[in-house]
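Student: Numbering (this note's numbering), first residue to last: -15 to 87.
Below, the structure is given as structure tokens:
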């Protein structure tokens, strides 16, 4: 359920990064997203979370273009839509793109 909720925002951030390089949109599949870290910001009884997701955006038929990490704050205190705020993006690794998918 968490992956489905975060998927659109993860894909949007990924496309902001990759579209500059690839000139085409990438896809992020919810089943390919992994929770790397989940932390309660205000301790034991708080409902303010930092969630870090790692995934491999792809183009074409599941051709991964890289590995990335996304951090989100999920909290009833965040005024943004649905109480989810994008915090941080980190590109970890780039993969080569098959020739038939380049430009």
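All residues carry an ideal CB built from backbone N, CA and C; glycine is no exception.
1) Only counting the same chain, and skipping five residues up and downstream in sequence, which positions put a Cβ closer than 7 Å to that of residue 85?
2) Would you mind stating whether residue -15 and residue 17 have Cβ atoms separated by less than 7 Å?
3) So the candidates are -5, 38, 19; which of them puts its Cα closest to the Cα of residue 9?
4) Report the rounded CA-to-CA distance for residue 29 versus residue 23, giving the unit in angstroms.
5) Quick check: what's the CA-CA separation for residue 13 versus residue 40?
6) When you compare only the Cα positions, how much space is there between residue 52 and residue -9?
7) Look at the alpha carbon of residue 5 and the alpha carbon of residue -1, and state the distance between them as a whole number of angstroms.
Tutor: Inspection of the coordinates gives the following:
1) If you number the chain shown from 1, residue 85 lands on position 101. Result list for residue 85: 43, 44, 47, in chain order.
2) Residue -15 sits at position 1 when you count from the first residue of the chain shown. Residue 17 sits at position 33 when you count from the first residue of the chain shown. Taking 7 Å as the Cβ cut-off, residue -15 and residue 17 do not qualify as a contacting pair.
3) Your numbering for residue 9 matches position 25 in the chain shown. Of -5, 38, 19, the residue nearest in Cα terms is -5.
4) For the purposes of this step, residue 29 is identified with residue 45 of the chain shown, where counting begins at 1. For the purposes of this step, residue 23 is identified with residue 39 of the chain shown, where counting begins at 1. Rounded to the nearest angstrom, the two C-alpha atoms are 12 Å apart.
5) For this step, residue 13 is matched to residue 29 along the chain shown. For this step, residue 40 is matched to residue 56 along the chain shown. Rounded to whole angstroms, residue 13 to residue 40 spans 9 Å at the Cα level.
6) Here residue 52 is taken as the residue at index 68 of the chain shown, counted from 1. Here residue -9 is taken as the residue at index 7 of the chain shown, counted from 1. Computed Cα separation, rounded: 13 Å.
7) Your numbering for residue 5 matches position 21 in the chain shown. Your numbering for residue -1 matches position 15 in the chain shown. Roughly 10 Å separates the two Cα atoms.
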